[in-house]
């Protein structure tokens, strides 16, 4: 079996899976990347932290995430996929959350599986591994 490649959703970056969850889904050795929109969401979380200690903790976690995962660009192929999602949403075929659509489009354009705690990514037809809530 070839090594699985995943695009890690923000929900998993915030609540990382346990080793057992990764093993159960055949992802222990998976190659991973992230979307720039996830970085934007995490940077926003750092800035919105109510306390200095919480802000410092979030900043350390963000630095570790940036060091560990490649951020894939939202490029022309991803924009084409996103445009298709928008058209389908206008036709009433999709409920659309723009940030999720950007993540799903980036994954599809790069032929990656989305790793998320949000099963709603299925509405995009994304190849998805949906983890349960609360990995730790």
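In my numbering, the protein residues as written are 1300 to 1435. Glycine included, each C-beta is placed from N, C-alpha and C at the ideal position.
- By the CB criterion at 8 Å, residue 1302 and residue 1329 fall inside the cutoff.
- Burial is judged here by how many other beta carbons sit within 10 angstroms of a residue's own beta carbon; residue 1320 has at least 16 and is buried.
- The residue among 1333, 1354, 1423 with its C-alpha nearest the C-alpha of residue 1343 is 1354.
- With respect to residue 1414, residue 1341 sits apart: the two C-beta atoms are not nearer than 8 Å.
- In the structure shown, residue 1332 adopts extended strand secondary structure according to DSSP, grouped into three states.
- C-alpha of residue 1359 to C-alpha of residue 1424: approximately 34 Å in a straight line.
- In this structure, residue 1310 and residue 1416 form a Cβ contact; the two beta carbons are roughly 4 Å apart against a cut-off of 8 Å.
- The Cβ atoms of residue 1331 and residue 1368 sit closer than 8 Å to each other.
- In the structure shown, residue 1425 falls within a coil segment according to DSSP collapsed to helix, strand and coil.
- Sequence-distant Cβ neighbours of residue 1345 in its own chain, meaning closer than 8 Å and more than five residues away, are 1354, 1357, 1358, 1361.
- Excluding sequence positions up to five before and after residue 1429, its CB lies within less than 8 Å of the CB of 1415, 1416, 1417, 1418, 1420, 1421, all in the same chain and listed in chain order.
- In the three-state DSSP reduction, residue 1379 falls in the helix class (H, G or I).
- In this structure, the beta-carbon distance from residue 1412 to residue 1426 falls below 8 Å.
- DSSP, read as helix, strand or coil, puts residue 1304 in strand.
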